[in-house]
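Right, one structure below, let's go through it.
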């Protein structure tokens, strides 16, 4: 490994994230993080990003010096200007809107009609729109990951003496709860509404019935009645599919979910016997109720202006972070199709194009470099380092050398108590299921403890079955914290070592009232 690369990696503390990912689509985000952008406050930029790829999974590392520096800059700005967060959101709005317009027009583009030159220009336009759209990422990440303990300490200090630790945990949970609807919940609500409005055994509440010119709810007084699998139901599903076909994408897979897929979801809901109206209203009302609880909390404790400002930034950045996730799902849909057309013209497996980094696409499409043998090596496993001046990519034995440079050897086997930040209160006992990928969520059964480096929207099926959630990483605006509060299950985040210490089948107690996970019995 080159000495320059060693200097970038040696002696650092790293923040670890894990998800399904590939070099091209993950480092498209990485490009935005290391790119110079005048809109970003000085000091919030990323200096280095590192990722290891294997079997469709990505282990992504942030330099904690970047995180700490960026969060300190944001705290300083918040002290001087309580409108800091809102101003930053406005600064990126035009780029976010431009990317969204491009996506909305994408389905009308005939890629095969382009010449090679026009196709490459189209790729460049696509990737630059995305990079400009997400160049705000280090601001969001460094604030979310670097201020959680600072905000927790401020809350503890400002609420004064408490009798039980659970009181602090509840205050912290309410103060940091999001008040915006996530795009995953928006999508679920829309599908629930279709299921309710077309349920032959149930007339929905007036608030769920869309108006019609006759003053009757949709489908009333028409042949077949409400809820039959007729034209109205199929049209509603068709419209839904066109809007949300991408909802289960990630940094590796680009799915085009069919109308039949969503129809099956509706049928499973109906067979479950669950009250879909109650479920819909819970999702709909959660942000409003969170805002009401937060307002009452602020009135009770009279938090300082700085704490209120930081909590408002956290609230706004939670929404911003969620919108970024949405854009990455849309991005891979377009990227897979553009690179797929390039691969068809060059006669290669389109899966291999996922193992480029963004600045290699032109060199490959025009000059055939890197070679297919190199891409196949990366597909087996690779490590990628991104800095402003470019990329370093290692394969084979060099991967382990790179890991040894980054991480000292640690022995975790004897650890029986794991501590983190309580994100959602509660206390349960259950069996551990380690989830490293969206492909593994199916192994989580009702009552299990879902343990992961971090969670993402594509883990939602497992989260809904879990009795509790434990993560290595995560700040107050992380996905696990938000979803566990919505589901009302205990959650401990930021343990650092949970996936290393715990194994599938371990019996553990999750005491999220105090942020402690205890091993009761090891799996045989």
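Residue numbers (our numbering): 106 to 629.
Ideal placement from N, C-alpha and C gives every residue a C-beta, glycine not left out.
* Residues near residue 384 in its chain [Cβ-Cβ closer than 7 Å; skip 5 each side] -> Position 279 of the chain shown holds residue 384. Closer than 7 Å at the Cβ level, and outside the excluded window around residue 384, lie 297.
* **Residue of 121, 162, 213, 116 minimising C-alpha distance to residue 483** => Against the chain shown, residue 483 aligns to sequence position 378. Cα-wise, what sits closest to residue 483 is 162.
* **When 614, 566, 222 are compared against residue 523, the one with the closest alpha-carbon** => The residue given as residue 523 occupies position 418 in the chain shown. Per the Cα distances, 614.
* Hey, out of 250, 207, 249, 343, whose CA is closest to residue 229's CA? -> Walking along the chain shown from the start, residue 229 turns up at place 124. The option with the nearest alpha carbon to residue 229 is 207.
* Asked: In terms of residue numbering, what span does the beta strand (DSSP E) encompassing residue 139 cover?
  -> Stepping through the chain shown from its first residue, residue 139 is reached at position 34. Not the beta strand (DSSP E): residue 139 falls in the alpha helix (DSSP H), residues 128-139.
* Asked: Exposed or buried, residue 195, counting other C-beta atoms within 10 Å across all chains shown (16 or more means buried)?
  -> Along the chain shown, read from residue 1 onward, the residue named residue 195 stands at position 90. It counts as exposed.
* Check residue 340 in the structure and name its three-state DSSP category. => Counting from 1 along the chain shown, the entry for residue 340 is found at position 235. Reduced to three states, the DSSP call for residue 340 is helix.
* Asked: In terms of residues, what are the limits of the alpha helix (DSSP H) holding residue 608?
  -> Start at 1 with the first residue of the chain shown, and residue 608 comes out as number 503. Taken as a continuous stretch (DSSP letters only), residue 608 belongs to no alpha helix (DSSP H), as it is neither H nor E.
* Asked: Apart from the five residues just before and just after residue 111, which ones in its own chain have a Cβ nearer than 7 Å to its Cβ?
  -> By 1-based counting over the chain shown, the position of residue 111 is 6. So the list reads 510, once near-sequence residues are dropped.
* Asked: Do you know how far the Cα of residue 254 is from the Cα of residue 352?
  -> Here residue 352 corresponds to residue number 247 of the chain shown, with the count starting at 1. Here residue 254 corresponds to residue number 149 of the chain shown, with the count starting at 1. Answer to the nearest angstrom: the Cα atoms are 32 Å apart.
* Reducing DSSP to helix, strand and coil, say where residue 299 ends up. => Here residue 299 corresponds to residue number 194 of the chain shown, with the count starting at 1. It is helical.
* For residue 264 versus residue 466, is the C-beta distance shorter than 9 Å? -> Walking along the chain shown from the start, residue 264 turns up at place 159. Walking along the chain shown from the start, residue 466 turns up at place 361. Going by C-beta atoms, residue 264 is not nearer than 9 Å to residue 466.
* Asked: Below 8 Å, can you find three or more Cβ-Cβ pairs linking the stretch 344-360 to the stretch 121-135?
  -> yes
* Nearest-angstrom beta carbon gap, residue 622 and residue 575 [assumed within contact, 8 Å] -> By one-based count along the chain shown, residue 575 stands at place 470. By one-based count along the chain shown, residue 622 stands at place 517. Sure, about 5 Å apart at Cβ, within 8 Å.
* Among residues of its own chain, excluding the 5 on either side of residue 391, which ones have a beta-carbon nearer than 7 Å to its beta-carbon? -> Within the chain shown, residue 391 is the residue found at index 286, counting from 1. Contacts found: 591.
* To do: Please classify residue 118: is it buried, with 16 or more other beta-carbons within 10 angstroms of its beta-carbon, or exposed?
  => As a working note, residue 118 is residue 13 in the chain shown. It is exposed - the Cβ of residue 118 has fewer than 16 other Cβ atoms within 10 Å.
* Asked: Can you find at least 3 beta carbon pairs, one from the stretch 361-377 and one from the stretch 443-462, that sit closer than 8 Å?
  -> no
* **Identified DSSP bridge partners for residue 122** => What you label residue 122 is simply residue 17 of the chain shown in a count that begins at 1. DSSP, once it has assigned bridges, lists 165 as partnering residue 122.
* Looking at the unbroken beta strand (DSSP E) that takes in residue 574, where does it start and where does it end? -> For the purposes of this step, residue 574 is taken as the residue at position 469 of the chain shown. 573-576 is the span of the beta strand (DSSP E), which, as asked, contains residue 574.
* **Rounded separation between residue 252 and residue 205 - CA only** => Taking the first residue of the chain shown as 1, we reach residue 252 at position 147. Taking the first residue of the chain shown as 1, we reach residue 205 at position 100. Computed Cα separation, rounded: 30 Å.
* Presumed contact (8 Å Cβ cut-off) between residue 557 and residue 604, rounded CB distance -> As a first step, residue 557 is located in the chain shown; it is residue number 452 there, counting from the start. As a first step, residue 604 is located in the chain shown; it is residue number 499 there, counting from the start. Indeed, because the Cβ distance is near 7 Å, the residues count as touching under 8 Å.
* Asked: Hey, out of 440, 397, 608, 559, whose CA is closest to residue 46's CA?
  -> Here the chain has residues from 106 to 629 only, and residue 46 is not among them.
* Cα-Cα separation between residue 282 and residue 589, rounded to whole angstroms -> Within the chain shown, numbered from 1, the residue matching residue 282 stands at position 177. Within the chain shown, numbered from 1, the residue matching residue 589 stands at position 484. When rounded, the distance between both Cα atoms is 11 Å.
* Leaving out five residues on either side along the sequence, give the residues of the same chain with a beta carbon under 6 Å from the beta carbon of residue 58. => With the chain running from 106 to 629 in the structure shown, residue 58 is simply not present.
* **Cα-Cα separation between residue 547 and residue 224, rounded to whole angstroms** => Working through the chain shown from its first residue, we reach residue 547 at position 442. Working through the chain shown from its first residue, we reach residue 224 at position 119. Their backbone Cα atoms lie some 39 Å apart in a straight line.
* To do: Grab me the residues of residue 455's own chain with a C-beta within less than 7 Å of its C-beta, minus the 5 sequence neighbours each way, in chain order.
  => For the purposes of this step, residue 455 is taken as residue 350 along the chain shown, with counting starting at 1. Result list for residue 455: 444, 445, 448, in chain order.
* Can you tell me the Cα-Cα spacing of residue 276 and residue 395, whole angstroms? -> As a working mapping, residue 276 is identified with position 171 in the chain shown. As a working mapping, residue 395 is identified with position 290 in the chain shown. Using only the alpha carbons, I get a separation of about 12 Å.
* Tell me whether the beta-carbon of residue 399 lies closer than 9 Å to the beta-carbon of residue 279. => Taking the chain shown and counting its residues from 1, the one referred to as residue 399 is at position 294. Taking the chain shown and counting its residues from 1, the one referred to as residue 279 is at position 174. In this structure, residue 279 lies closer than 9 Å to residue 399 by Cβ.
* When you compare each of 271, 431, 377 to residue 350 by their alpha carbons, which one comes out closest? -> Within the chain shown, the letter at position 245 stands for residue 350. The shortest C-alpha separation from residue 350 is found at 431.
* Asked: residue 463: buried (16+ other C-beta within 10 angstroms of its C-beta) or exposed?
  -> Locating residue 463 in the chain shown gives position 358, counting from the first residue. Buried, by the Cβ-count rule.
* **As assigned by DSSP and simplified to three states, the class of residue 408** => Translated into positions along the chain shown, residue 408 becomes position 303. Three-state DSSP puts residue 408 in coil, outside helix and strand.
* Asked: Which stretch, first to last residue, makes up the alpha helix (DSSP H) that contains residue 379?
  -> Reading the chain shown from its first residue, position 274 is the one you call residue 379. Taken as a continuous stretch (DSSP letters only), residue 379 belongs to no alpha helix (DSSP H), as it is neither H nor E.
* Length-filtered (3 minimum) beta strand (DSSP E) runs lying within the stretch 545-585 -> 554-557, 573-576
* Asked: How many Å lie between residue 156 and residue 113 at the Cα?
  -> Counting from 1 along the chain shown, the entry for residue 156 is found at position 51. Counting from 1 along the chain shown, the entry for residue 113 is found at position 8. So the two alpha carbons sit approximately 13 Å from each other.
* To do: Report the residue from 300, 413, 372 whose alpha carbon sits nearest the alpha carbon of residue 341.
  => Here residue 341 is taken as the residue at index 236 of the chain shown, counted from 1. Selected option, being the one with the closest Cα: 300.
* Cβ pair count under 8 Å reaching 3, the stretch 406-419 against the stretch 174-186 -> yes
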